[in-house]
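Take a look at the structure set out below.
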Amino acid sequence: MYYGRCFLCGEWGLLEEHHIFGGANRKKSEKYGLKVGLCGDKCHRNGKKAAHQCPETAQKLHEYGQRKYMIENGASIEEFIKEFGRNYL
Numbered sequence: 003m004y005y006g007r008c009f010l011c012g013e014w015g016l017l018e019e020h021h022i023f024g025g026a027n028r029k030k031s032e033k034y035g036l037k038v039g040l041c042g043d044k045c046h047r048n049g050k051k052a053a054h055q056c057p058e059t060a061q062k063l064h065e066y067g068q069r070k071y072m073i074e075n076g077a078s079i080e081e082f083i084k085e086f087g088r089n090y091l
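Here the working numbering is used: the first residue of the sequence shown is 3, the next is one more, and so on.
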């Protein structure tokens, strides 16, 4: 946990690190810095729009993560798919 501004709601407070691509791709999220800080209760775990509760929020984060990866690595959609297994855009 660390102090900062929540990536989703913008509120300041204690944040939890959220790996944008979890599961089999969690280590790749770590490797490429595809993580965001989220307030724990409302935006990360338990709220109606929380990353682990709401498919729409998860999709928006996946889109952001894919774009970030592609820009920072000069990668195409095909190269992203090769690394992460699917296209989120």
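The C-beta atom is built at its ideal place from N, Cα and C for all residues, glycine as well.
Every value quoted in this text rests on a predicted model; they were computed, and no experiment measured them.
Measure the Cβ-Cβ separation of GLU13 and CYS41 and say whether it is below 8 Å. Yes, these two residues count as a Cβ contact at 8 Å.
Would you give the residue range spanned by the alpha helix (DSSP H) that ARG7 belongs to? Taken as a continuous stretch (DSSP letters only), ARG7 belongs to no alpha helix (DSSP H), being part of the beta strand (DSSP E) at 4 to 7.
Mind checking whether GLY39 and CYS11 have CB atoms under 8 Å apart? no
Residues that DSSP places opposite GLY35 in a beta bridge: DSSP, once it has assigned bridges, lists no residue as partnering GLY35.
Helix or strand or just coil, what does DSSP make of GLU18? strand
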